[in-house]
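Below: the structure, in structure tokens.
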Amino acid sequence: MARGDDIPSDIRKRIDRCKAELATLGVVLRGSVTRRYMPCGKPGCKCMADQPVLHGPYYQWTSKVEGKTRTVRLTKDQAVVHQQWVDNARRLRRILARWEAAGEAAAKNIQKISSR
Ligand SMILES: [Zn+2]
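Under our numbering, the first residue of the sequence shown carries the number -11, and numbering increases by one thereafter.
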């Protein structure tokens, strides 16, 4: 008979590591932060020269809200913080993937026990 506590210690340890890493995350933010250089389009501007010197950098955070892309302009300092939060979201997804992989291993383990 398979029971929910038939979890081998190595799988428990994998889950505990996920929990510990999860506890270190602060703000998580969807989207991406980009840095752009752009022309302004004014005739005679350095950005319109044969060897253009573009304006910028401009920082922006892009995310999807209900399927629509939303872009927000940021200062450099804001961009640094947004990037850290976006990186945290990536770490969160990696932790979740490892946590689910441990779940796969736990499921396989009780499937073996049940079929005995
Ligand atoms: Zn220009």
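Think of the CB as a built atom: it goes at the ideal place given N, C-alpha and C, for glycine as much as any other residue.
Quick caveat: nothing in here was measured; it's all calculated off a predicted structure.
Residues near residue i by beta carbon distance below 7 Å, same chain, minus five either side
i          : result
residue 94 : -5 and -1
residue 44 : 24, 25 and 26
residue 42 : 25, 26, 27 and 35
Rounded separation between residue i and residue j - CA only
i           : j          : result
residue 52  : residue 60 : 11 Å
residue 76  : residue 32 : 43 Å
residue 100 : residue 91 : 14 Å
residue 88  : residue -8 : 16 Å
residue 71  : residue 81 : 15 Å
residue 2   : residue 38 : 58 Å
residue 63  : residue 57 : 20 Å
residue 98  : residue 4  : 19 Å
residue 12  : residue 65 : 22 Å
residue 96  : residue 54 : 37 Å
Sub-8 Å separation of residue i and residue j beta-carbons
i          : j          : result
residue 6  : residue 86 : yes
residue 49 : residue 14 : no
residue 21 : residue 47 : yes
Residue i - containing beta strand (DSSP E), residue span
i          : result
residue 24 : 20 to 26
residue 10 : Per DSSP, residue 10 belongs to no beta strand (DSSP E); it is in the alpha helix (DSSP H), -3 to 10.
residue 62 : 56 to 62
Limits of the alpha helix (DSSP H) - the one that residue i falls within
i          : result
residue 52 : Here residue 52 belongs to no alpha helix (DSSP H); instead the beta strand (DSSP E) covers 43 to 53.
Beta-carbon proximity list for residue i, same chain, < 8 Å, skipping 5 on both sides
i          : result
residue 9  : 79 and 83
residue 30 : 36
Supposed close pair residue i, residue j - CB separation, criterion 8 Å
i          : j          : result
residue 17 : residue 68 : The Cβ separation is near 13 Å, so there is no contact.
Distance cut-off 7 Å: residue i Cβ against heavy atoms of ligand 3
i          : result
residue 31 : For the structure depicted, ligand 3 is absent and the ligand set comprises only ligand 1.
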